[in-house]
Amino acid sequence: MKNADNVNYKSSLKLYKRAKKVITGGVSRNTIFRRPHPFYVAQAKGSYVTDIDGNTRIDFANNMASLIHGHSHPVIVDAVTEQMQNGTAYTLGSEVEVEFGELLVERNKEFEKIRFVNSGTEAVMSMIKAARAYTGRPKIAKAEGAYHGTYDFAEISQIAEPQNWGDINKPNSVPVTYGTPDSVKKDVIVFPYNDIERTINLLEANKNELACVLIDPVSHRVGMYPIEEKFLLAIYNWTRKNKVLLVFDEVVTYRVTYSGAQHLYPVKPDMTALGKIIGGGFPVGAIAGAAKIMSVFDPSRKVIKQPHSGTFSANPVTMIAGKTAMQLYNRQAVDKINKMAAIAKKQIQEAIQLAGVPVVITGAGSMFRLHFRHKQPRNYRETYQAPEERKVIVDLLDYLFLHENLILINTFACMFATTITQVEVDRLSQSLYNGFKKYKAEIHQFAK
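Numbering (this note's numbering), first residue to last: 3 to 450.
Right, here's the structure in full:
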């Protein structure tokens, strides 16, 4: 194992200096930014990524949960290569779009109709706009702290802090972007995750203006704690009574079962936003749901309530990559990856006990997150990390990256790929043990 102090990172530093001259901040997505500089990829295969300085790391982030089969899967590469010989995008439809739609509708019988877009953000945005178009109402409700992409309305409250999040009985609509109009904040009702009484009170107070209630069933930013069934049932029953749509963001969580995290519950949403793994490694998003609601997109209707297009929506390269990836992600593959994640969590729990640190694990299926806590956080305020705690997490993640050659998501989370084996899981649990021992005093300081 290389010691980070003895590793030469001159090539990455040199490229970062070039990048800063032409790209704002040197990066086009803040996710990859790190100090003293970002690192740049030379090659990625399976679960291993090699940077331009020759360092190879095990990837437990998989491009923010989007690579369900790891990097450069040969079957996907072959399918994409073949398609590229016939064109990458047209002002015409393609048969593979229809085939992929059929595949996803087959996986989820409640997906009566589907529509493809180019990202998870775009999928959630289009889903919210469809809910407004269908109901004729302007407001949405979402869980405090939940991440749903970068649409103005969807991103409200995702970085709320103690000094601005307000009373738990009526959380503030806290914007992410400076200059967000007050009108946006007024049209987003923020409710506390897994709190039935407070949430229903907030929904009831806005029932005549609500178009939809937006739910991520295993919200990463809220703590990756699965939504409690009684809480979800309470919201579902309230929406049925008040003719408000219940819409799910499964951009990340669709990996959890063969048909998404929604199949863990007796509740079926009116619409679902998809993304990440359904693109097979290419930019993708989709909105799926009841035919009568999805009809707002229909260009053959006399009145098109939500005109929708997109230059690269359903482009054949993404469609063939996505179709191939999801064919590979069959029931056997889902079971296998979930079992491997369960083994990893068991081994990490043993590492936690051996190291004697107050760390807990949350998650579902093939994804999990670690917290400096004595018990699992059930909502955003219990999950919230103060700046001092956040610094320790960053230091620990940097240690794992530079000294143990592991890549984790910056929230201290792992998103497994089907290429992860026992070999990689053993490395993960041993490296985490080493990290826990190194930062034991700091972890104890912040555990709640």
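All C-beta atoms in this analysis are idealised placements derived from N, C-alpha and C, irrespective of residue type, glycine included.
Tell me the rounded alpha-carbon separation between residue i and residue j.
i	j	result
I445	V43	31 Å
I280	F314	15 Å
L205	I161	22 Å
Q432	K341	19 Å
L430	I363	14 Å
F448	A135	46 Å
L69	R59	16 Å
E199	C214	18 Å
E124	K377	35 Å
H75	T90	19 Å
R383	D300	41 Å
P183	D169	22 Å
I387	P360	The sequence shown places Gln at residue 387, not Ile. Each residue's Cα considered, the two are about 15 Å apart.
K450	F374	7 Å
P38	H150	29 Å
L356	H73	33 Å
So residue i and residue j are in contact, right, with Cβ under 8 Å, and what is the actual spacing, rounded?
i	j	result
Y260	V336	5 Å
N370	V319	The sequence shown places Phe at residue 370, not Asn. No, F370 and V319 are not in contact; Cβ-Cβ is about 31 Å, not under 8 Å.
E99	A443	Not quite, the Cβ-Cβ distance comes to about 55 Å (not below 8 Å), so this is no contact.
V186	E146	Going by Cβ atoms, the distance from V186 to E146 rounds to 16 Å, so no, they are not a contact pair.
S121	I422	Not quite, the Cβ-Cβ distance comes to about 25 Å (not below 8 Å), so this is no contact.
V298	A132	5 Å
L408	F62	6 Å
Quick one: does the C-beta of residue i sit closer than 7 Å to a heavy atom of the ligand GDP?
i	result
N10	Questions concerning the ligand GDP fall outside what the structure shown contains, since it holds no ligand whatsoever.
In chain order, what residues of the same chain lie with their CB nearer than 8 Å to the CB of residue i, ignoring the 5 residues before and after it?
i	result
E252	D218, P219, G262, A263, Q264, T274, A275 and L276
E406	M3, R429, S433, N436 and G437
G312	V119, N120 and E124
Within 10 angstroms of the Cβ of residue i, are there 16 or more other Cβ atoms? Answer buried if so, exposed if not.
i	result
V24	exposed
G56	exposed
N381	buried
F35	exposed
E231	exposed
Y92	exposed
P379	buried
Y180	exposed
Cutting at 6 Å between CB atoms, please list the residues of its own chain near residue i, excluding the five before and the five after it.
i	result
S368	R257, I339, N340, A343 and F418
N8	Model confidence at N8 stands at a pLDDT of 47, short of 50, so the residue's coordinates are unreliable; what they give is reported in the following sentence. There are no such residues.
T420	H71, A335 and I339
A67	V254, K278 and M417
M127	Y153
G365	M226 and R371
I229	P219
Considering only residues of the same chain and omitting the five flanking positions on each side of residue i, which have a CB-CB separation below 7 Å?
i	result
Q45	T52
F414	R371, L372, I395 and L399
A6	For A6, the predicted structure reports a pLDDT of 48, less than 50, and the residue's modelled location is therefore unreliable. A value from the coordinates is still provided. Excluding residues within five positions, the ones whose Cβ falls inside 7 Å are L404 and H405.
K270	E112 and Q264
N10	D55
N171	R200
Are the region 74-91 and the region 304-311 in contact at 8 Å, needing three or more beta carbon pairs? no
Is it a yes or a no for the region 128-143 touching the region 165-176, going by three-plus beta-carbon pairs under 8 Å? no
Using 8 Å as the Cβ pair cut-off and three pairs as the minimum, do the region 110-128 and the region 288-297 touch? Contact holds: three or more Cβ-Cβ distances are below 8 Å.
Tell me whether the region 172-182 and the region 146-160 touch, counting them as touching only if at least three CB pairs, one residue from each stretch, are closer than 8 Å. yes
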